[in-house]
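Chains as they are written, first to last, in numbering that gives the first Met the number 0: chain R, 0 to 401; chain H, 0 to 82. The beta-carbon is built from N, C-alpha and C at its ideal position, and this holds for glycine as well. Quantities reported herein were computed from a predicted structural model and do not represent experimental measurements. Inspection log for the structure reproduced underneath, given as C-alpha cells.
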Amino acid sequence: MIVGAAFWVVLAGAAVATWLAPARVRPGLLAAVSFVFLARLDPRGLAVMLAFALAFRALAPLAARPRRAFVLPVLIVAILAYLAWFKYLPPVLAALRGAGEAVSPVVPLGLSYFSFKLIHYALETARGNLPPSGLGSYLAWVFLLPTFTAGPIERFDHFLAARPPRLDGALVAEGLTRVAHGLIKKFVLVGIVIESISPGHGTPAQVGRLLAELPERPVPEVWGFCALSFLTMYLDFSAYSDIAIGASLLLGYRIMENFDWPILASDISAFWSRWHMTLTGWCQSYVFMPVLGLTRRLTAAIFAGFLAIGLWHAGTGCWAAWGLYHAAGVIAFHAWQSARERRGAAGEVGPVRRAAGTLLTLAFVTGSFALLAGDEAGGLRDGLRILARLAGLDLPARAEAS
Amino acid sequence: MALTRQRLLEWIEARLGVRAGELTDDLPLFSTGNLNSRRMLELVTFVERESGIRMKAAELRLDNLDTVARILAYAARQASSTP
Chain R
0 MIVGAAFWVV LAGAAVATWL APARVRPGLL AAVSFVFLAR LDPRGLAVML
50 AFALAFRALA PLAARPRRAF VLPVLIVAIL AYLAWFKYLP PVLAALRGAG
100 EAVSPVVPLG LSYFSFKLIH YALETARGNL PPSGLGSYLA WVFLLPTFTA
150 GPIERFDHFL AARPPRLDGA LVAEGLTRVA HGLIKKFVLV GIVIESISPG
200 HGTPAQVGRL LAELPERPVP EVWGFCALSF LTMYLDFSAY SDIAIGASLL
250 LGYRIMENFD WPILASDISA FWSRWHMTLT GWCQSYVFMP VLGLTRRLTA
300 AIFAGFLAIG LWHAGTGCWA AWGLYHAAGV IAFHAWQSAR ERRGAAGEVG
350 PVRRAAGTLL TLAFVTGSFA LLAGDEAGGL RDGLRILARL AGLDLPARAE
400 AS
Chain H
0 MALTRQRLLE WIEARLGVRA GELTDDLPLF STGNLNSRRM LELVTFVERE
50 SGIRMKAAEL RLDNLDTVAR ILAYAARQAS STP
C-alpha cells in the first residue's frame with residue numbers, strides 16, 4: 000500500500016482535513032477517508048468487514064449482561080470462522096486432499112489485524128473495561144488507514160486515551176521523522192543494502208537453490224542466510240510500524256509501539272517483550288492468561304500463546320513450528336532461571352554475561368528463520384532440513400526419504 | 000486473611016528487583032515486560048496465598064493483575080464479597 004503515491008496523497012490530505020475540522024467530527028472524518036481508500040482496494044472485503052464492525056459495536060455491549068453472556072462466544076466464533084475461512088481452511092483442506100499447495104481465495108485486506116482488534120473489542124466491552132466512545136472514534140480505530148494492513152494491533156482504550164491535544168511543529172516533526180525512519184529502513188536498508196548483499200533474498204527460487212545444494216553449503220553460509228532473513232523481516236516489519244506510528248501521529252493519534260530494539264535483548268523472554276509487542280500483548284491477554292487460568296500450567300500457557308503467535312502469521316506447519324520453537328526457548332530460559340535462583344546464583348548480570356546472552360538470543364532467533372525459509376519452499380520438512388544444517392546435520396530431502 | 004500493600008510491595012521488590020521507591024501504584028508490571036510469564040504465575044500464587052482466595056480462570060487477566068493498584072483492588076473486592 001505504501002509504495003503507491005495514492006496512499007501518501009490521501010494521507011497528506013487526511014492530515015490537513017483532520018486538523019482543520021472541528022474536534023468533534025475528526026474521528027468520523029478520519030474513519031470515512033480511511034474506509035473509502037481501503038474499499039477502493041478491496042470493495043467486497045471492506046463491505047463484509049464494515050458489517051462485522053457494526054455488528055460487534057451493536058452486540059458486544061449485550062455480552063456484559065449476565066443473561067446475554069452467550070453473545071460474546073457467538074461474536075468471537077463468527078469472526079474466527081471468517082478468519083479461518085480465508086486463512087486456515089485452505090491449507091487444511093489441501094493437506095487432507097494430499098495436494099501440495101493450498102488454493103486459497105483472495106484474503107481480505109488486513110484480515111488478521113482486523114479480526115484480532117474486534118476480538119479485543121468484544122472481550123474488553125464484555126468486561127466493562129472500555130470507556131464510552133462515539134461511533135466515529137470506533138470506526139476510525141477499526142479502519143485507521145496507516146495501521147489497517149500491517150498493524151500495530153492497537154488497543155481501543157489506548158487509541159482513545161493517547162491523543163495529542165493539538166497539532167504543533169513538534170508533533171509534525173516527530174511524525175515525519177518516524178515516517179522517514181520507516182522509509183529508510185524499507186527502501187534503503189532492505190531495498191538497497193540487503194538486496195545488494197543477497198539479491199531476491201528469501202524468495203522461493205533462492206530458498207529452492209539453497210535446499211538443492213544444502214549438503215554442500217558450508218554451515219556458516221547457512222547461518223548467514225538465516226541471519227539475513229531475520230534482519231530483513233525485522234527491518235521490513237519495523238519499517239511498516241514506524242510509518243504507521245508516524246502517519247497516525249500526523250492524523251492525531253499516538254498509537255502503540257510495536258518494536259523496542261529486540262536485537263539487543265539479552266534473553267529470549269526479553270526478546271518477546273520487544274518484538275511485535277502488540278501481537279505478543281494480545282496473545283498474552285487473550286491466549287496465555289486464559290490458558291494459565293484454566294490449567295495453572297505455565298508450560299501449557301506458553302505453548303498455547305506462542306502457537307497463536309505463529310498461526311496468526313499463517314496457517315502453515317512452518318509458522319506453527321516457528322511458534323513452538325520460540326515457546327520451547329522461553330520455557331528453557333525460565334527453567335534455567337529457576338535453577339539459578341535455587342542455587343542462589345540469581346542477581347545482577349554483568350556486561351560480559353549480558354553480551355553473551357544477547358549473542359545467544361540472536362543465534363536462537365536466527366535458527367527460527369530456518370523454519371520460515373521452509374514456508375517459501377516445500378514446507379516444514381524443508382524448514383527442518385535447513386535448521387538441522389545449522390547444526391551441521393543433513394536430513395534427507397522428501398524424495399530421498401520415500 | 001488480606002493482602003496488604005506492604006506485603007505486595009515487598010514481594011515485588013524481592014521478586015522483580017524493582018525498588019519500592021521506583022514503584023508507583025500505576026506502574027504496569029506485566030504489559031510492559033517488568034513481569035515475565037513465570038513471575039505472573041508466582042504472583043497469582045502469592046496473591047492467593049496472602050488473600051486466602053482461589054482466583055477463577057476468568058479473573059486471571061491484566062485488569063486484575065497488571066499494577067499494584069489493580070491487584071489491591073481485586074483482593075479488596077474478593078475480601079468484601081467473601082462472607
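* Would you kindly work out how many angstroms separate the C-alpha atoms of A400(R) and W222(R), rounded to a whole number? => For the purposes of this step, residue 400(R) is taken as the residue at position 401 of the first sequence. For the purposes of this step, residue 222(R) is taken as the residue at position 223 of the first sequence. Note that A400(R) scores a pLDDT of 44, beneath 50, so its modelled location is shaky; the value from the coordinates is reported in the next line. Computed Cα separation, rounded: 25 Å.
* Please list, in chain order, all residues of the same chain as A387(R) whose beta carbon is under 8 Å from its beta carbon, the five residues on each side excluded. => Locating residue 387(R) in the first sequence gives position 388, where the first residue counts as 1. Close CB contacts of A387(R) within its chain, under the 8 Å cut and outside five residues either way in sequence, are with D393 and L394 (chain order).
* chain H within 9 Å of L291(R), Cβ atoms only -> Along the first sequence, one-based indexing puts residue 291(R) at 292. For L291(R), the answer is yes, since a Cβ of chain H falls inside 9 Å of its Cβ.
* Partner residues on chain H for L297(R), Cβ-Cβ distance less than 9 Å -> Translated into the one-based positions of the first sequence, residue 297(R) becomes position 298. Per Cβ cutoff of 9 Å: S36, R37, M39 and L40.
* Looking at the unbroken alpha helix (DSSP H) that takes in T3(H), where does it start and where does it end? -> Taking the first residue of the second sequence as 1, we reach residue 3(H) at position 4. Element bounds for T3(H): n/a, residue is neither H nor E.
* L7(H): contacting residues in chain R (beta-carbon distance under 8 Å) -> To locate residue 7(H), count along the second sequence from 1; it is residue 8. Result: empty, since nearest Cβ-Cβ is about 19 Å, beyond 8 Å.
* Could you tell me whether any Cβ in chain H is nearer than 9 Å to the Cβ of R126(R)? => Along the first sequence, read from residue 1 onward, the residue named residue 126(R) stands at position 127. By this cut-off, R126(R) is an interface position.
* Asked: Start and end of the alpha helix (DSSP H) containing G241(R)?
  -> For this step, residue 241(R) is matched to residue 242 along the first sequence. Sequence inspection shows Asp at residue 241(R); the Gly mentioned does not correspond to that position. Per DSSP, D241(R) belongs to the alpha helix (DSSP H) from V218 to L249.
* Chain-order list of residues whose beta-carbon lies under 7 Å from that of A299(R) (same chain, five-residue window excluded) -> On the first sequence, position 300 is the one that residue 299(R) refers to. Once the five neighbours on either side are set aside, the close Cβ partners of A299(R) are V290.
* Closer than 8 Å, Cβ to any Cβ of chain R: which residues of the stretch 51-68 of chain H, in chain order? -> Along the stretch 51-68 of chain H, going in chain order, the ones with a CB nearer than 8 Å to a CB of chain R are M54, K55, A56, A57, E58, L59, R60, L61 and D62.
* Asked: Under a CB-based cut-off of 9 Å, is F45(H) close to chain R?
  -> Within the second sequence, the letter at position 46 stands for residue 45(H). No, no contact with chain R.
* **Nonlocal neighbours in the same chain, by C-beta distance under 8 Å from V189(R), ignoring five residues either side** => As a first step, residue 189(R) is located in the first sequence; it is residue number 190 there, counting from the start. A distance below 8 Å between beta-carbons, with the five flanking residues on each side excluded, links V189(R) to the following residues of its chain, in chain order: T231, L234, D235 and A238.
* Cβ-Cβ distance between G382(R) and C282(R) below 9 Å -> Locating residue 382(R) in the first sequence gives position 383, where the first residue counts as 1. Locating residue 282(R) in the first sequence gives position 283, where the first residue counts as 1. Their beta carbons are not under 9 Å apart, which means G382(R) does not touch C282(R) by this criterion.
* Asked: Got a sec, what are the start and stop residues for the alpha helix (DSSP H) V178(R) sits in?
  -> By 1-based counting over the first sequence, the position of residue 178(R) is 179. DSSP places V178(R) in the uninterrupted alpha helix (DSSP H) bounded by G168 to L182.
* Excluding the 5 residues preceding and the 5 following G27(R) in the sequence, name in chain order all residues of the same chain whose CB lies nearer than 6 Å to its CB. => On the first sequence, residue 27(R) is found 28 positions in, with the first residue counted as 1. Taken in chain order, the residues that qualify are G135.
* For the alpha helix (DSSP H) that L386(R) lies in, which residues bound it at each end? -> Start at 1 with the first residue of the first sequence, and residue 386(R) comes out as number 387. Boundaries of the alpha helix (DSSP H) harbouring L386(R): L379 to L389, taken from the DSSP string.
* Asked: When DSSP labels each residue in this structure, what does E399(R) get in the three-state scheme?
  -> Here residue 399(R) refers to the residue found at position 400 when the first sequence is read from its first residue. For E399(R), the predicted structure reports a pLDDT of 49, less than 50, and the residue's modelled location is therefore unreliable. The matter cannot be settled from this model.
* Cβ of Q283(R) within 9 Å of any chain H Cβ -> By 1-based counting over the first sequence, the position of residue 283(R) is 284. By this cut-off, Q283(R) is an interface position.
* Asked: Can the beta-carbon of G245(R) be found closer than 9 Å to that of G181(R)?
  -> Against the first sequence, residue 245(R) aligns to sequence position 246. Against the first sequence, residue 181(R) aligns to sequence position 182. The Cβ atoms of G245(R) and G181(R) lie closer than 9 Å to each other.
* Asked: Candidates V286(R), R295(R), F85(R) and V32(R): which alpha carbon is nearest V8(R)'s?
  -> Numbered from its first residue, the first sequence carries residue 8(R) at position 9. The shortest Cα separation from V8(R) among V286(R), R295(R), F85(R) and V32(R) belongs to V32(R).
* Would the beta-carbon of A376(R) fall within 9 Å of that of P104(R)? -> Along the first sequence, read from residue 1 onward, the residue named residue 376(R) stands at position 377. Along the first sequence, read from residue 1 onward, the residue named residue 104(R) stands at position 105. No, the Cβ-Cβ distance between A376(R) and P104(R) is not below 9 Å.
* Tell me whether Q5(H) is buried or exposed, calling it buried when 16 or more other Cβ atoms sit within 10 Å of its Cβ. => Locating residue 5(H) in the second sequence gives position 6, where the first residue counts as 1. Exposed, since its Cβ has fewer than 16 Cβ neighbours within 10 Å.
* Between the CA atoms of L64(H) and F29(H) - distance to the nearest angstrom -> Mapped onto the second sequence, residue 29(H) falls at position 30. Mapped onto the second sequence, residue 64(H) falls at position 65. Cα-Cα distance, rounded: 8 Å.
* To which residues of the same chain is I242(R) closer than 8 Å at the C-beta, ignoring the five residues directly before and after it? -> Residue numbering aside, residue 242(R) sits at position 243 when the first sequence is read from its first letter. Once the five neighbours on either side are set aside, the close Cβ partners of I242(R) are I1, P145, R177, V178, G181, L182 and K185.
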